[in-house]
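Peer 1: Take a look at this one; I'll ask things after.
There are 2 protein chains.
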Amino acid sequence: MSQDLCKLSAVEVAKLTRSGQLKVEDYAKALIARVEGRDPVVHAWAYFNPEVILKSARALDALPKEKRGPLHGVAVGVKDVIYTKDMPTQQYSPIYKDDHPQLDAAVVLSLRSMGALIFGKTHTTEFATCQKGPPTCNPHDPSRTAGGSSSGSGAAVGDFQVPLALGTQTGGSTIRPASYNGVYALKPTWNAISREGLKVYSLTCDTVGLYSRSIEDLELLCEIFNLVDDNPPPSTPLSLAGAKFGFVKTHVWSKAEPSVIDIWGKAKEFLTEAGAEVEEVELPKVFDNMTTWHRNILHMEGYSSFHGDYLSSPEQLDPWVIKHAVNEGKTTRKEHLESLDEIAKLRPVVDSIASKYTALITPSVTGEPPILEEPLRFTGDASFNLMWTVLHLPVINIPGFKGPNGLPIGLSLIAPRYHEQDLLRTSHAVAETFAKGGWKLQQG
Amino acid sequence: MSQDLCKLSAVEVAKLTRSGQLKVEDYAKALIARVEGRDPVVHAWAYFNPEVILKSARALDALPKEKRGPLHGVAVGVKDVIYTKDMPTQQYSPIYKDDHPQLDAAVVLSLRSMGALIFGKTHTTEFATCQKGPPTCNPHDPSRTAGGSSSGSGAAVGDFQVPLALGTQTGGSTIRPASYNGVYALKPTWNAISREGLKVYSLTCDTVGLYSRSIEDLELLCEIFNLVDDNPPPSTPLSLAGAKFGFVKTHVWSKAEPSVIDIWGKAKEFLTEAGAEVEEVELPKVFDNMTTWHRNILHMEGYSSFHGDYLSSPEQLDPWVIKHAVNEGKTTRKEHLESLDEIAKLRPVVDSIASKYTALITPSVTGEPPILEEPLRFTGDASFNLMWTVLHLPVINIPGFKGPNGLPIGLSLIAPRYHEQDLLRTSHAVAETFAKGGWKLQQG
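Going down the list, the sequences are from chains A and B. The opening position of the first sequence corresponds to residue 1 in the UniProt record's numbering, with each subsequent residue numbered one higher. The opening position of the second sequence corresponds to residue 1 in the UniProt record's numbering, with each subsequent residue numbered one higher.
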């Protein structure tokens, strides 16, 4: 029974708790047992306190049915760069060890208002930046990374410890861990969900991301967060017959490992078999600059973002953060502004390209999750993600494929900005087809 | 003596406290006396606690000289939408009455690291939005507004209660109060100073602003915050002979009251007399859309920003905030994205226009500060400011002129993005000339 409760989706949990068939406290206890059994291996949690969870659970159980929200009792993991009133926020930084600003980030406030059970703080890299990984391991192979910087969120959802989790993405920090852990994730349109109450790395890029094990759960979250398209798609399922997908290799295609090249072909094959049209999309040459421009933006925005921490505690910062705070690369204002302006010009261009297709498809990762090596514990390569982050388009990781080591590999579905609902509808149909790829998320 | 200490600039205070000629505690006591004497009239402070101030002052006095920062002991007022670890942050919202998240915003952390004495929290409108003003009155005529939303910051600096204060600007919330209170203010290039730890209204517009009574003090702050141009200007003073100013009326010129039209002519006259060239600049017609685009952005970004507060406490929100949270105006995603994209295109265009001049000049306000009328306590018209905010250019309010009621009226000096140092150098020369305008800031 306890195992079964951990397998429930958010939609299923809310149905049971809202009607009173399941007590939030009982549900919470099942999840706590799961976390306690698995955390010594997975290390998903930076802060986990059963007492705090059970107190919240009992308060939710005490709510009369008519006051129960659409997420009533649903456990949500929160990346540890997002403030939570009842738990510390430590940013994986020695500066903020045990730090506990009594503040709910706007996104946490929204979730709580809808009845969510904030379950704990999930591991991140320092300030959601840095190459150095936290202790988190991949639940499907603990010798490998769970990705980063939303390491703990991806792992906790992939390991059936919580059905939902919050991440953030500045480069590829939501989508990459989703692929590595074999789960769904949505990186919405930039700023569609408030980033108030989060550590800042790059204002232009930072985006709150959402993890789940089903598309229905992402749909529920999108509804809660008002991620509504101007023209919502039909409520009937999308038929792949007649759909058209644009496969975008992008200028970083050379980073794709053989496993990704292999699934690239399979994905096309599966979609074609299902009646869809597929074609390779070559983006205009100017998009080749995206990696450099994204880097310029991160470095100069990090220059102001990390200024306070650098002035107050330079000796406690990771060298990666310091590199930003002192502008080690000597990025100029001119380079920064050109990067911002040129990318801004390309946002409507890529919207227009994407709108010609049912969705665009691009790799979520360069391959299977890398083997963890001390002391860096590298969290993987974000090359395929960062362009879409700074272009502000919504991206969903669709799991389904399996690499040569039996580990998950996802593909990214992309729509024009503020087409989340459309993208979710497409995701249902695509996910069904990609399921033939051999990856099946199973409770370890 | 006590009166004299209140008149000191930040540069002067730091010189005395760093060398040990002035104890921070004594300085703080003089300012506390000033605040206690004046606050019953001006109402600049949302939170003011002499005990907290004196505790910090004594800690600063205990620092050995070699550890004293460039702002050692300088009193800084902090707008009450910016988190401070040792004081509540109440956002002028009943939801956050007495709320105290125990967190320093990044900008506060930077200031503290440089030795600043955080002096209290200054009044704002609710969440730095809303038309409804806080209790703050104009120190030069308490029947009038001190402006908004950085009401208390502008008033406290203009009333010699503190030499420096932090504000924010989303429309005209830093520059307008500067004009109304007869002080200097810099709204820097967007995101040049971190906005981490601030309430969010519009990510695209919100900018931390700086108040002072001298340009030297703004220079000091710019140095601290790394507001460095790619090509710093010569350290010699700018000669107005040979300088060239672009007077930009913009599409909202019809909002200018006779007093502003009058000083517009005088400003040109004074600059010409000093040997400068002046010309009217007509912006391309497309800039006429800026008011509508700015509104679209604020409304749709407010839609996500205020979502959490709306879900959790709708009955405690000002109707102005609710209007955003429910998208009352039914702004579409398409309108929002078009506004973002079109403005982004114009940023390099306006940079290029501004770079043809020593600086651009535009009104800071539509006229003298309006008379306060209950219950709205309207904080004035931001029409002349909002375009520059969303275009991300640095703006300095230069006081100097006096309206028919003897109240200050400032003009805005504007430079291309990330030309703060250049703009400050120009401000010195312009301020000297504008001083003929009849306004002199005096301690009441």
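We treat Cβ as the ideally placed atom computed from N, Cα and C, and that holds for glycine.
Could you give the first and the last residue of the continuous alpha helix (DSSP H) run that contains E335 of chain A?
Peer 2: It spans 333 to 354 - the alpha helix (DSSP H) in which E335 of chain A sits, taken as one unbroken run.
Peer 1: List the residues that DSSP assigns as beta-bridge partners of W45 of chain B.
Peer 2: Paired residues: B:T122.
Peer 1: Could you check whether A128 of chain B and residue 447 of chain B sit closer than 9 Å to each other, using their CB atoms as the reference points?
Peer 2: With chain B covering only 1 through 444, there is no way to say anything about residue 447 of chain B.
Peer 1: Residues of chain B with a CB under 8 Å from the CB of I353 of chain A: which are they?
Peer 2: Near I353 of chain A there are no residues of chain B at all, since even the closest Cβ is about 15 Å away, more than 8 Å.
Peer 1: Taking beta-carbon pairs under 9 Å, can you tell me which members of the stretch 112 to 131 of chain B lie near chain A?
Peer 2: Here the close residues are R112, S113, M114.
Peer 1: Determine the chain A residues that contact I82 of chain B at a beta-carbon separation under 7 Å, and present them in chain order.
Peer 2: Correct list: empty, because the minimum Cβ distance to chain A is about 12 Å.
Peer 1: So which residues of chain B does I193 of chain A contact, with C-beta pairs closer than 9 Å?
Peer 2: Here the neighbours are S304, H307.
Peer 1: Would you list, in chain order, the members of the stretch 335 to 351 of chain A that have their beta-carbon closer than 7 Å to a beta-carbon of chain B?
Peer 2: Answer in chain order: L337, D341, A344, K345, R347, P348.
Peer 1: So what does DSSP say about Y92 of chain A, is it helix, strand or coil?
Peer 2: It is coil, neither helix nor strand.
Peer 1: Under the rule that 16 or more other beta-carbon atoms within 10 Å means buried, what is S235 of chain A, buried or exposed?
Peer 2: The residue in question, S235 of chain A, is exposed, as its Cβ has fewer than 16 Cβ neighbours within 10 Å.
Peer 1: Could you tell me which of A:E328, A:P348, A:R295, A:I261 sits nearest to G403 of chain A, measuring between CA atoms?
Peer 2: Cα-wise, what sits closest to G403 of chain A is A:I261.
Peer 1: Quick one, which residues of the stretch 410 to 440 of chain A are near chain B if we go by CB-CB under 8 Å, in chain order?
Peer 2: Cβ contacts with chain B come from R417, Y418.
Peer 1: Mind the definition here: the stretch 240 to 257 of chain B touches the stretch 279 to 294 of chain B only if three or more C-beta pairs lie below 8 Å; say whether that holds.
Peer 2: Yes: the two stretches touch, three or more of their Cβ pairs being nearer than 8 Å.
Peer 1: Of all the CB atoms in chain B, is at least one closer than 9 Å to the CB of L391 of chain A?
Peer 2: No, L391 of chain A lies away from the interface with chain B (no Cβ there is under 9 Å from its Cβ).
Peer 1: Where T291 of chain B and L111 of chain B are concerned, what is the direct C-alpha to C-alpha distance, given to the nearest angstrom?
Peer 2: Taking the straight line joining both Cα atoms gives about 34 Å.
Peer 1: Using CA coordinates, which residue listed in A:C130, A:V157, A:Q131 is at the minimum distance from H140 of chain A?
Peer 2: When only C-alpha atoms are compared, the closest one is A:V157.
Peer 1: Roughly how far, in whole angstroms, is the beta-carbon of S305 of chain A from the beta-carbon of A106 of chain B, given that I think they are within contact range, below 8 Å?
Peer 2: With 8 Å as the limit, S305 of chain A and A106 of chain B qualify as a contact, their Cβ atoms being about 7 Å apart.
Peer 1: Can you tell me whether DSSP reads Y310 of chain B as helix, strand or coil?
Peer 2: In the structure shown, Y310 of chain B sits in a helix (DSSP, three-state: H, G or I).
Peer 1: In its own chain, which residues sit with a C-beta less than 7 Å from the C-beta of K199 of chain A, not counting the 5 before and 5 after it?
Peer 2: Cβ neighbours of K199 of chain A beyond the five flanking positions: V81, Q91, F127, A128.
Peer 1: What number of angstroms, rounded off, separates the C-alpha of D341 of chain A from the C-alpha of G37 of chain A?
Peer 2: If I take the Cα positions, the gap works out to 50 Å.
Peer 1: Taking one C-beta from the stretch 167 to 182 of chain B and one from the stretch 269 to 276 of chain B each time, how about it: are there three or more such pairs within less than 8 Å?
Peer 2: No contact exists between the stretch 167 to 182 of chain B and the stretch 269 to 276 of chain B.
Peer 1: Give, in chain order, every residue of the stretch 319 to 334 of chain B whose Cβ lies closer than 7 Å to some Cβ of chain A.
Peer 2: Taking 7 Å as the Cβ-Cβ cut-off against chain A, the residues of the stretch 319 to 334 of chain B that qualify are T332, R333, K334.
Peer 1: Quick check on DSSP: helix, strand or coil for Q316 of chain B?
Peer 2: Note: Q316 of chain B maps to helix in three-state DSSP.
Peer 1: N397 of chain A lies in the beta strand (DSSP E); which residues open and close that run?
Peer 2: It spans 395 to 402 - the beta strand (DSSP E) in which N397 of chain A sits, taken as one unbroken run.
Peer 1: Taking G246 of chain B as part of the beta strand (DSSP E), name the residues at either end of that continuous run.
Peer 2: Segment 244 to 247, the beta strand (DSSP E) holding G246 of chain B.
Peer 1: For residue 456 of chain B and S383 of chain B, what's the separation of their Cα atoms in angstroms?
Peer 2: Since the displayed chain B opens at 1 and closes at 444, residue 456 of chain B lies outside it and no answer follows.
Peer 1: I'd like the span of the beta strand (DSSP E) that includes A75 of chain A, first residue to last.
Peer 2: Counting along the chain, the beta strand (DSSP E) containing A75 of chain A begins and ends at 75 to 79.
Peer 1: So, at 8 Å on beta carbons, what are the nonlocal neighbours of L60 of chain B in its own chain, with the 5 sequence-adjacent residues on each side left out?
Peer 2: Here the set comprises T17, V24, R68, H72, G73, G115, L117.
Peer 1: Does DSSP classify P50 of chain B as helix, strand or coil?
Peer 2: In this structure, P50 of chain B counts as helix in the three-state DSSP scheme.
Peer 1: Beta-carbon separation of residue 458 of chain B and P370 of chain B under 9 Å?
Peer 2: With chain B represented from 1 up to 444, any question about residue 458 of chain B goes unanswered, as that position is not in the structure.
Peer 1: Buried or exposed, going by whether 16 or more other CB atoms sit within 10 Å of the CB of S254 of chain B?
Peer 2: Exposed, by the Cβ-count rule.
Peer 1: Cα-Cα, which of A:K85, A:P134, A:A75 is closest to P94 of chain A?
Peer 2: Minimum Cα distance to P94 of chain A is reached at A:P134.
Peer 1: Distance, Cα to Cα, residue 450 of chain A vs S9 of chain A?
Peer 2: The requested residue 450 of chain A is not part of the displayed model; chain A covers only 1 to 444.
Peer 1: In angstroms, rounded to a whole number, what distance separates the CA positions of E219 of chain A and D422 of chain A?
Peer 2: Using only the alpha carbons, I get a separation of about 11 Å.
Peer 1: Quick one: Cα of N385 of chain B to Cα of V365 of chain B, how far?
Peer 2: For N385 of chain B and V365 of chain B, the distance between alpha carbons rounds to 8 Å.
Peer 1: Report the neighbours of D230 of chain B on chain A: residues whose CB is nearer than 8 Å to its CB, in chain order.
Peer 2: Per Cβ cutoff of 8 Å: T332, R333, K334.
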